[in-house]
Amino acid sequence: MCAVAAIPFIAMGASALMSAQQSQAQGAASAEASLQNAQFANQAADDAVARGEFESDQQRLQTRAAIGSQRAGFAANGVDVNSGSAAEIQDDTAALGELDALTIRNNAAREAWGYRTQAQQNVLAARTAKSSAKAGMFGSLLTAGAQGAQAYGAMKG
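If you use mature numbering (1 follows the signal peptide of the UniProt record, and there is no 0), the sequence shown corresponds to residues -20 to -1, 1 to 137, in order.
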């Protein structure tokens, strides 16, 4: 008779263990996904920086080409390219080209910062998922224990 009375308690214990295991598995999966997302965000940040460097270098090449075209145009018209308005125009073109290159690099750095911030948030989400999983696991076990004690008390009387 005692073995029959133990069946509900065994079932409660098994259910609690399964629930605790499921809670832990869900937390681990969520944490793993968050860490993977953090890795992707860091890779995107590195890519943004590399693209910014490449594009700013391309901007500098375009600026040099524009200055070369200006010099050729001035020289073809008999203008002294190293003095006066011609020199000022070339200086302005160089300054604006450099400003554009620096703006490109700055924008890439800001984009990378956003990705790195996202990566940090994903790492924090992974830690939270692990903590929540542990809390859920212990909560399942404690709830089962309390229900078992309540059922035992009801049986005794």
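All C-beta atoms, glycine included, are put in the ideal place defined by N, C-alpha and C.
No experiment lies behind these values; they were computed from the predicted model shown.
Quick check: residue i and residue j, are their CB atoms within less than 8 Å of each other?
| i | j | result |
| --- | --- | --- |
| T108 | G77 | no |
| A81 | Q16 | no |
| A(-7) | S120 | no |
| Q6 | M117 | no |
| A25 | A92 | yes |
Which residue from the options puts its Cα closest to that of residue i?
| i | options | result |
| --- | --- | --- |
| Y95 | S112, D71, F20 | F20 |
| S111 | A(-5), A8, S63 | A8 |
| I84 | I(-11), G32, L(-4) | G32 |
| E35 | A(-5), L(-4), E68, L79 | L79 |
Report back the beta-carbon spacing between residue i and residue j to the nearest angstrom; my notes put them in contact at under 8 Å.
| i | j | result |
| --- | --- | --- |
| G99 | V29 | Inspection of the sequence shows that residue 99 is occupied by Ala rather than by Gly. The Cβ separation is near 14 Å, so there is no contact. |
| A52 | V59 | About 11 Å separates the two Cβ atoms, so there is no contact after all. |
| S14 | N102 | 5 Å |
| Q50 | Q70 | 6 Å |
| G55 | T73 | Just to set this straight, residue 55 is Ala in the shown sequence, not Gly. About 15 Å; that fails the 8 Å criterion. |
Compare the C-beta of residue i with all C-beta atoms of chain C and state if any pair is closer than 8 Å.
| i | result |
| --- | --- |
| L104 | No chain C is present in this structure, which holds just one protein chain. |
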